[in-house]
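Numbering-wise, the sequence shown is residues 202 to 354 according to this note's numbering.
A virtual CB, placed ideally from N, CA and C, is assigned to each residue, including glycine.
None of these values were measured; they are calculated from a predicted model.
First comes the structure, then the notes that go with it.
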Amino acid sequence: MMRRLVIGVVLALVSICSLHAQSVTPAAPGNPIKAIYTPQPVYQAEWVKRGLTGKGVVLVTIDKETGKVTGAQMLQSTGSKELDGSALEAYSRWRFAPGTVSQLKIPVEFRNRPNPQTSKRTPSQPAIFYPLLIFLGLGALVMAILKKRKHIR
Numbered sequence: 202m203m204r205r206l207v208i209g210v211v212l213a214l215v216s217i218c219s220l221h222a223q224s225v226t227p228a229a230p231g232n233p234i235k236a237i238y239t240p241q242p243v244y245q246a247e248w249v250k251r252g253l254t255g256k257g258v259v260l261v262t263i264d265k266e267t268g269k270v271t272g273a274q275m276l277q278s279t280g281s282k283e284l285d286g287s288a289l290e291a292y293s294r295w296r297f298a299p300g301t302v303s304q305l306k307i308p309v310e311f312r313n314r315p316n317p318q319t320s321k322r323t324p325s326q327p328a329i330f331y332p333l334l335i336f337l338g339l340g341a342l343v344m345a346i347l348k349k350r351k352h353i354r
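Right under this line is the structure:
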């Protein structure tokens with residue numbers, strides 16, 4: 202049960218990625234691709250500043266017995282040696298469950314993402330006073346408990 206859950210989570214994470222893997226040599230029916238370690242390519246801040254973007258396809262060769270990637274090559278370059286190198290380095294570290302596939306095409310895309318907007322607004326007054334109100338409320342509760350104990354004795 203736990204094994205199925207772990208495999209399901211890994212497969213869900215792989216499918217959620219923007220990278221959709223396609224088998225070059227199709228896996229046998231009932232023998233799906235099981236990626237168990239999938240580090241993503243690094244997209245360095247310097248490259249973002251330079252506006253470096255690109256799409257490509259990496260072909261990875263996998264040892265079916267161990268699930269380790271034995272080779273990675275660019276089938277379609279991103280147009281940048283830096284981006285290609287990052288993709289090759291990341292995908293060469295991928296690991297698969299033994300016996301799944303021998304080769305895999307992995308699309309990759311590097312693109313600038315807009316920076317999240319940061320609010321320069323100061324916190325509203327109630328947000329600043331919440332900790333104070335909690336502290337005062339706890340103090341009042343302690344006082345009420347102590348007062349009640351005095352009446353009991």
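Item                                                                                                                                                             : Value
Within 10 angstroms of its Cβ, does P240 collect 16 or more other Cβ (buried), or is it exposed?                                                                 : exposed
Going along the chain, which residues of its own chain have a beta-carbon closer than 6 angstroms to the beta-carbon of L260, five neighbours each way excluded? : Q274, L276, K306
Could you pull the start and end residues of the alpha helix (DSSP H) that V249 belongs to?                                                                      : 246-250
Between the beta-carbon of V243 and the beta-carbon of T279, is there less than 8 angstroms?                                                                     : no
So, is T271 buried or exposed, given that buried needs 16 or more other C-beta atoms within 10 angstroms?                                                        : exposed
Contact check, R312 vs T254 under 8 angstroms by CB: the rounded distance?                                                                                       : 5 angstroms
Classify L339: buried if its beta carbon has 16 or more other beta carbons within 10 angstroms, exposed otherwise.                                               : exposed
Taking its Cβ as the centre, do 16 or more other Cβ atoms sit within 10 Å of T301, making it buried, or is it exposed?                                           : buried
Could you give the DSSP three-state label for E266: helix, strand or coil?                                                                                       : coil
Note down the Cα distance separating E247 from W295, rounded to an integer number of angstroms.                                                                  : 25 angstroms
Measuring alpha carbon to alpha carbon, tell me which residue in F297, L284, I335, L347 is nearest K256.                                                         : L284
So if DSSP puts R296 in a beta bridge, which residue, or which two residues, is it bridged to?                                                                   : Y238, K269
When the Cα atoms are used, what is the spatial distance from K348 to L342?                                                                                      : 10 angstroms
With 16 as the cutoff for other CB atoms within 10 Å, does Y292 come out buried or exposed?                                                                      : buried
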